[in-house]
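This report refers to the structure that appears directly beneath it.
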Amino acid sequence: MSDRPGGRHPVCRRIRHLRRARAVGPLDQGVPHRPVGCRPRRILQLAHEMDERRRPHRASGVLRRRPLLSPQSSTPASTMKFHACSNGKSSADNALTCGMTSHSWSAAPAVLLLCLAPVAVTFAADTFAFRHHYIDRDLPGASYGQTCLVDLDKDGDLDFITGGKAEGNTVFWFEFKEPGNWSRHVLGRDHPSDVGGTAIDVDGDGWLDHVTGGAWYRNTGKPRKQEFERIVFDNTLAAVHDLVAADLDRDGRLDIITMSDKNNLRWYRIPNDSRQPWERHDIGLGVHAGAAVGDIDGDGDLDIVRSNAWFENVDGRGTEWKEHPVPFGNPRPPYPLSTRCVIVDINRDGHNDLVMTENEIRAGRIAWLENIGGRGLNWTVHGLVAGDSAPRGAYHSLAVADFDRDGDPDVFTVEMEAIKGDRLPRWFIWENLDGKGGTFVEWVILDNGLGGHEAVVADVDGDGDPDIASKLWRPRPDNANGGRNHADFLENLAVTK
14 MSDRPGGRHP VCRRIRHLRR ARAVGPLDQG VPHRPVGCRP RRILQLAHEM DERRRPHRAS
74 GVLRRRPLLS PQSSTPASTM KFHACSNGKS SADNALTCGM TSHSWSAAPA VLLLCLAPVA
134 VTFAADTFAF RHHYIDRDLP GASYGQTCLV DLDKDGDLDF ITGGKAEGNT VFWFEFKEPG
194 NWSRHVLGRD HPSDVGGTAI DVDGDGWLDH VTGGAWYRNT GKPRKQEFER IVFDNTLAAV
254 HDLVAADLDR DGRLDIITMS DKNNLRWYRI PNDSRQPWER HDIGLGVHAG AAVGDIDGDG
314 DLDIVRSNAW FENVDGRGTE WKEHPVPFGN PRPPYPLSTR CVIVDINRDG HNDLVMTENE
374 IRAGRIAWLE NIGGRGLNWT VHGLVAGDSA PRGAYHSLAV ADFDRDGDPD VFTVEMEAIK
434 GDRLPRWFIW ENLDGKGGTF VEWVILDNGL GGHEAVVADV DGDGDPDIAS KLWRPRPDNA
494 NGGRNHADFL ENLAVTK
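The working numbering applies: residue 14 is where the sequence shown begins, and numbers increase by one.
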């Protein structure tokens with residue numbers, strides 16, 4: 014048994030959790046106190062106490078934790094802190110933090126009264142603590158997608174991109190200044206996409222551009238002063254739901270993969286003169302959503318997952334494809350088999366697995382699919398069980414990252430507002446408790462009456478932990494922003510400067 018701080022022994026982890034639950038600091042500080050590991054002299058007593066807390070809540074390999082701290086209603090709204098829970102009665106009940114860039118993972122406030130001024134509210138959950146900030150509280154129109162976190166202005170931090178159907182299909186970018194201060198700029202207009210968009214350096218000039226539908230928007234090098242230049246590469250390509258950048262043909266340059274139910278699954282090779290039409294290669298039938306890129310069969314080249322199937326890159330150059338089944342997806346209309354997918358080695362056996370959500374339906378599933386044998390021919394589905402039985406809003410966001418910095422991948426999603434559940438939407442992380450996908454613990458990391466859609470994850474503020482940025486598709490009238498559109502930033506407090 015390890016007695017060092019941060020010991021990985023399961024009993025040590027359980028004790029650290031209990032001590033954190035007791036040591037969440039004064040409610041006016043906004044950040045939990047973090048003890049430094051476990052000492053052997055109280056192991057038996059504390060382990061037994063922890064077992065008594067957990068035992069009734071174990072089901073299907075997922076631990077459902079009870080709330081260990083309730084907020085004080087007298088605490089000022091600007092400093093309220095909540096210990097998240099997953100037993101169907103969240104802390105909010107007790108009181109009144111690029112969408113489709115490459116999806117391979119590499120170890121790489123209570124509900125506020127609407128009359129309150131904007132405040133940052135911190136939620137703490139064991140090793141997870143996030144502070145919510147608004148990026149924008151009054152986004153025009155609706156139907157936003159094309160989310161990315163990239164450094165558009167070369168100032169050393171990450172900015173947020175999203176495009177919607179307002180003001181002539183406008184794409185906006187938000188300049189990060191500090192967690193609660195973002196400046197909105199117009200990136201470009203008349204985008205021909207749905208939610209599909211990603212930022213890459215298309216023309217090799219050192220500035221990140223934006224690809225969306227059949228057009229790309231060239232960064233002139235003056236993103237704060239000039240809108241990006243719109244250039245069409247395929248005038249027949251529109252209504253793209255998924256758009257991923259990856260090097261399919263192994264020529265050292267990124268290609269663009271697109272898909273929706275209105276188009277097939279295809280990829281484009283970007284020519285030397287990127288202003289010319291791009292070379293199109295068809296792969297297979299499309300569905301509304303669910304494309305991800307990664308090496309499924311372990312042969313060293315990139316394959317493509319599409320909801321209930323994956324396509325083997327037979328020749329390693331993207332010119333020959335073979336379809337294989339994947340046991341996931343729901344045929345329910347109006348968007349049958351739609352998913353979100355991340356390709357990642359969850360159990361650390363050297364083979365890429367899949368993490369997937371059913372993303373366009375109420376009460377959809379979330380699971381990881383174990384790649385038995387590492388060839389993509391035999392899959393075992395491991396469901397991530399919800400901590401309560403109430404039907405949830407659609408899981409249209411999915412990210413995998415080491416949110417608690419313990420060395421293994423955790424799973425994030427957030428409920429939509431437009432496809433709503435029985436409760437106001439919440440934000441969740443499933444903690445990879447044993448580091449190998451054998452046991453996941455669900456945490457509610459934000460429960461303040463705001464939903465999300467196409468959330469993206471990256472270290473925005475440069476402090477070494479992954480943060481979360483999101484926005485809406487369409488708002489629900491009872492959301493905590495007065496029924497208006499919003500974009501949101503969840504600042505991860507795992508590391509503080």
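Positions of the beta carbon are idealized from the N, C-alpha and C atoms, including for glycine.
{"Item": "Please work out which residues of its chain come closer than 6 Å, Cβ to Cβ, to arginine 282, disregarding the five sequence neighbours upstream and downstream, and give them in chain order.", "Value": "Asp268 and Glu292"}
{"Item": "Going by C-alpha to C-alpha distance, which of Asp247, Val306 and Asn285 sits closest to aspartate 260?", "Value": "Val306"}
{"Item": "Use the C-beta contact count for glycine 377: other C-beta atoms within 10 angstroms, 16 or more gives buried, fewer gives exposed.", "Value": "buried"}
{"Item": "Looking only at its chain, what residues have a beta carbon closer than 6 Å to the beta carbon of glycine 496, apart from the 5 residues adjacent to it on each side?", "Value": "Pro488 and Pro490"}
{"Item": "Per DSSP, what are the beta-bridge partners of serine 483 in this structure?", "Value": "Asp501"}
{"Item": "Pick helix, strand or coil for isoleucine 244, following the three-state DSSP scheme.", "Value": "strand"}
{"Item": "Assuming valine 253 and glycine 297 form a contact by the criterion Cβ under 8 Å, report the distance between their Cβ atoms to the nearest whole angstrom.", "Value": "Contact flag wrong, Cβ pair sits at about 16 Å."}
{"Item": "From what residue to what residue does the beta strand (DSSP E) around aspartate 447 run?", "Value": "No beta strand (DSSP E) contains aspartate 447, which DSSP labels as neither H nor E."}
{"Item": "What first and last residue would you give for the beta strand (DSSP E) that runs through tyrosine 348?", "Value": "Neither: tyrosine 348 is in no beta strand (DSSP E) and is coded neither H nor E."}
{"Item": "Would you report the Cα separation of isoleucine 374 and aspartate 417, rounded to the nearest angstrom?", "Value": "29 Å"}
{"Item": "With DSSP as the reference, label isoleucine 385 as helix, strand or coil.", "Value": "helix"}
{"Item": "Determine the extent of the beta strand (DSSP E) in which lysine 335 is found, giving its start and end residues.", "Value": "334 to 338"}
{"Item": "Out of Gln239, Val224, Thr233 and Arg263, which has the shortest C-alpha to C-alpha gap to alanine 251?", "Value": "Val224"}
{"Item": "My guess is that tryptophan 350 and asparagine 321 are in contact by the Cβ rule of under 8 Å, so how many angstroms apart are they, rounded?", "Value": "For the sequence presented, residue 350 should be read as leucine rather than tryptophan. Right, the Cβ-Cβ distance comes to about 5 Å (below 8 Å), so this counts as a contact."}
{"Item": "Which same chain residues, not among the five before or five after valine 394, have their C-beta less than 7 Å away from its C-beta?", "Value": "Pro340, Phe341, Ala380 and Leu382"}
{"Item": "Where DSSP assigns a beta bridge to phenylalanine 187, which residues make up the other side?", "Value": "Phe173 and Arg197"}
{"Item": "Among Gly448, Asp262, Ala407 and Arg202, which residue has its Cα nearest to the Cα of tryptophan 440?", "Value": "Ala407"}
{"Item": "Where does glutamine 159 fall in DSSP's three states?", "Value": "strand"}
{"Item": "Is the beta carbon of leucine 221 sitting closer than 7 Å to the one on alanine 471?", "Value": "no"}
{"Item": "If you measure between the beta carbons of valine 413 and valine 454, is that distance less than 7 Å?", "Value": "no"}
{"Item": "Do you know how far the Cα of glycine 477 is from the Cα of tryptophan 12?", "Value": "There is no way to answer for residue 12, as the model of the chain reaches only from 14 to 510."}
{"Item": "Ordered along the chain, which non-local residues of its own chain (more than five positions away) have a Cβ less than 7 Å from that of glutamine 58?", "Value": "Note on glutamine 58: pLDDT 45, under 50, position unreliable in the model; no value is reported."}
{"Item": "How many Å lie between phenylalanine 324 and leucine 390 at the Cα?", "Value": "12 Å"}
{"Item": "Which term fits glutamine 289, buried or exposed, when burial requires 16 or more other beta carbons within 10 angstroms of its beta carbon?", "Value": "exposed"}
{"Item": "Bridge partners of phenylalanine 416, per DSSP?", "Value": "In the DSSP output, where bridge partners are listed per residue, phenylalanine 416 has none listed."}
{"Item": "From the DSSP output, in three-state form, read off leucine 165 for me.", "Value": "coil"}
{"Item": "Let me check one thing: in DSSP terms, what residues is arginine 319 bridge-paired to?", "Value": "Ala304 and Ala322"}
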